[in-house]
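Novice: In my numbering, the protein residues as written are 15 to 202.
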Amino acid sequence: MDQRLKERITGTTVLVLLAVVLIPLVLDDSRVVETGITATNIPEKPDEEFTTRLVPIPEQDDIVPVEEEADDSPARGAAVGAEPEEPDIAAEPEPVADVAVAEAGTAGLTGWVVQVGSFSRKNADSLNARLRAEGYPSYVVDEPVTAKDGSLLYRVRIGPEVLRSEALKLKAEIKKEMDLDGFVLNYP
């Protein structure tokens, strides 16, 4: 036989043998993963049932009002020259536990919105009115962003939707119906 043919056959044989040995090692998913949990180190379930204890909140008789620094600028949305309103002071303080539960109920609300663009205030309001006329739950973000040329831009968004997939469907619908190419963002 020719020397080159012998070298090719030998090389092919070596490659086939390596493939036969290495491919099963790579594709083998039955490797044992040591988790450290065994039947001997898991404690047994306790016999007693879990009971909840109610701890009363102590009454606070001495409530000291907190004094805040006076701010010379008028409050946002307040009329200039209007008298500041005095807050009503409750006779009995509310328990702190109720406030914490109320805040915890609204803190985790998130969703998805479709931002269709950033425009001058006039154009943003115009597009918002057009979107609302078409039945979309749109709004203009009141906090403007500054463009590179220094102008203020207001963002027009549609939503919020609970599921990202719904926001993506809304984005496709807006693109098809109104030729507005938006993008999906987290809300709030």
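All C-beta atoms, glycine included, are put in the ideal place defined by N, C-alpha and C.
Short of 8 Å in beta carbon distance, which residues of its chain neighbour THR124, apart from the five on each side in sequence? Order them along the chain.
Specialist: For THR124, where only same-chain residues beyond five positions count, the Cβ hits under 8 Å are ASN200, TYR201 and PRO202.
Novice: Hey, how far is the Cα of ASP195 from the Cα of LYS189?
Specialist: Approximately 5 Å between the Cα atoms of the pair.
Novice: Which of the three DSSP states is assigned to SER179 in this structure?
Specialist: Helix, per DSSP.
Novice: According to DSSP, what are the bridge partners of LEU166?
Specialist: DSSP, once it has assigned bridges, lists THR160 as partnering LEU166.
Novice: Determine the direct distance from the alpha carbon of THR66 to that of ALA138, and round the result to whole angstroms.
Specialist: About 54 Å.
Novice: Do ILE172 and LEU141 have their beta-carbon atoms positioned less than 8 Å apart in this structure?
Specialist: Taking 8 Å as the Cβ cut-off, LEU141 and ILE172 do not qualify as a contacting pair.
Novice: Please report how far the alpha carbon of ALA147 lies from the alpha carbon of MET192, in whole angstroms.
Specialist: Going from the Cα of ALA147 to the Cα of MET192 covers about 12 Å.
Novice: Can LEU167 and VAL154 be called in contact, C-beta distance under 8 Å?
Specialist: No. Outside cutoff.
Novice: May I ask you to report which of helix, strand or coil DSSP gives ARG18?
Specialist: Helix.
Novice: Quick check: the Cα distance between VAL28 and ASP42, rounded to an integer number of angstroms?
Specialist: VAL28 and ASP42: Cα-Cα distance of roughly 22 Å.
Novice: According to DSSP, simplified to helix, strand and coil, what is ASP112?
Specialist: The predicted position of ASP112 is uncertain, since its pLDDT is 44 and thus under 50; a value taken from the coordinates is nonetheless stated next. The answer is helix: DSSP assigns ASP112 an H, G or I state.
Novice: For ARG169, count the other beta carbons within 10 Å of its own beta carbon; 16 or more makes it buried, fewer makes it exposed. Which is it?
Specialist: Flag for ARG169 reads buried.
Novice: So, VAL130 versus PRO174, is the Cβ gap smaller than 8 Å?
Specialist: Cβ atoms of VAL130 and PRO174: not closer than 8 Å.
Novice: Out of curiosity, what's the CA-to-CA distance linking LEU39 and ARG18?
Specialist: So the two alpha carbons sit approximately 32 Å from each other.
Novice: Rounded to the nearest angstrom, what separates MET15 and ILE23 at their Cα positions?
Specialist: In a straight line, the C-alpha of MET15 is about 11 Å away from that of ILE23.
Novice: Whole angstroms are fine: how far does the CA of PHE64 sit from the CA of SER134?
Specialist: Approximately 60 Å, taken between the alpha carbons.
Novice: Let me check understanding here. Comparing Cα to Cα, which of VAL35, ILE71, SER152 and SER132 lies closest to SER165?
Specialist: Of the listed residues, the one whose Cα sits closest to SER165 is SER132.
Novice: In terms of DSSP beta bridges, what is ASN199 paired with?
Specialist: The sequence shown places Leu at residue 199, rather than the Asn named in the question. Note: LEU199 sits in a beta bridge opposite VAL127.
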